[in-house]
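Some notes on the structure that comes next.
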Amino acid sequence: MEVIDIQGLIKRFGRFTALDGVDLTVRQGEVHAFLGPNGAGKSTTIRCLLGILRATSGTVTMFGQDAWKNAVELHKRVAFVPGDVNLWNNFTGGEVIDLFLSLSGSKPDRAKREKYLKLFELDPSKKCRTYSKGNRQKVALVAAFASDAELFVLDEPTSGLDPLMEKVFQDSIGEIKKAGKTVLLSSHILSEVEKLADSISIIREGKIVESGSMAQISAKAQGRTLEELFLAEYEGR
């Protein structure tokens, strides 16, 4: 089953074309890495997927439903973690996590919530204004992993995390993958992608320039690392 299906996606802002015919398919149960330099169109694609932006043309569906027309209903099945998390300063981390979970419609699961608070070493009693960037990311990650989401859309989710917490993140992705959940992962950490991804798409200047399974990408790399392949695609070689 195709959880995400984007075909011929074009998004223009005035005369500027941010996305120029993007095709992206993510199947159920896979971790799909979405790579590209800053400004390539990753976040714009994700915003169209989440129904935050309306496509100029093309089709964007999740679970077979139009991502724009059915955004409210679809969001109950999706957990989203951006790369720069903004929180309510006077709320505690625990209050924000509970709010996110209630908004998603997830059934309360205190054991799962406590599990991820412990794994990510986050004190939920502290006010959000006291949190570092890394701890703000942890709030969003705990809320996502403690939810009942079927699809996880993660846009640079480990931004601000230290190497130990990055390992916790990777293990958590492994767990939800075993549970049959689907992940769209936008990341600059290519070593992380190589460990986690089943398939990859690379976007440059609003166009997909490479897409396939890890096996297909590795075969095309011809001995090069993923970083070398990424740089070659970025530079148009």
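Residue -17 is where the sequence shown starts when you use the working numbering, and the numbers rise one by one after that.
We treat Cβ as the ideally placed atom computed from N, Cα and C, and that holds for glycine.
Quick check on the burial criterion: 16 or more other C-beta atoms within 10 angstroms. Buried or exposed for residue i?
i      : result
Ala49  : buried
Thr112 : exposed
Glu209 : exposed
Leu146 : exposed
Leu85  : exposed
Arg95  : buried
Taking C-beta to C-beta, are residue i and residue j nearer than 8 Å?
i      : j       : result
Gly256 : Leu143  : There is simply no residue 256 to check, as the chain begins at -17 and stops at 219 in what is shown.
Lys109 : Thr140  : no
Ile185 : Gly40   : no
Ser181 : His14   : yes
Leu56  : Ala128  : no
Val150 : Ile158  : no
Gln102 : Val124  : Here residue 102 is Phe; the residue named in the question, Gln, does not match the sequence. Yes.
Gln119 : Val67   : yes
Gly156 : Thr(-1) : no
Quick one: give me the first and last residue of the beta strand (DSSP E) that residue i is part of.
i        : result
Val13    : Val13 to Leu17
Gln(-11) : Glu(-16) to Phe(-5)
Ile34    : Element bounds for Ile34: n/a, residue is neither H nor E.
Glu192   : Lys189 to Ser195
Phe(-2)  : Phe(-2) to Arg9
Phe151   : No beta strand (DSSP E) contains Phe151, which is instead part of the alpha helix (DSSP H) from Pro145 to Lys160.
Leu136   : Leu133 to Asp137
With residue i as the anchor, note down where its alpha helix (DSSP H) starts and where it stops.
i      : result
Glu174 : Leu172 to Leu178
Leu99  : Arg92 to Leu101
For residue i and residue j, which I take to be in contact (beta-carbon distance under 8 Å), what is that distance rounded to the nearest angstrom?
i      : j        : result
Glu132 : Arg59    : 5 Å
Lys89  : Leu35    : Going by Cβ atoms, the distance from Lys89 to Leu35 rounds to 30 Å, so no, they are not a contact pair.
Phe45  : Val(-15) : 6 Å
Ser169 : Val175   : 6 Å
Ala61  : Ala126   : 4 Å
Short of 6 Å in beta carbon distance, which residues of its chain neighbour residue i, apart from the five on each side in sequence? Order them along the chain.
i     : result
Pro64 : Asp137
Note down, in chain order, each residue of its chain lying with its Cβ closer than 8 Å to the Cβ of residue i, except the 5 sequence neighbours on either side.
i     : result
Leu31 : Ile(-14), Ile(-12), Val42, Met44, Ala49, Val135 and Leu166
Asp5  : Ile(-12), Gln(-11), Gly(-10), Leu(-9), Ile190 and Ser193
Closer than 8 Å, CB to CB, is residue i near chain D or not?
i     : result
Thr41 : In the structure shown, chain D cannot be found, because there is only a single protein chain.
Which same chain residues end up closer than 7 Å to residue i when comparing Cβ atoms and leaving out the 5 residues on each side of it in sequence?
i      : result
Pro106 : Thr74, Gly75, Gly76, Ile79 and Leu99
Asp91  : Ala128
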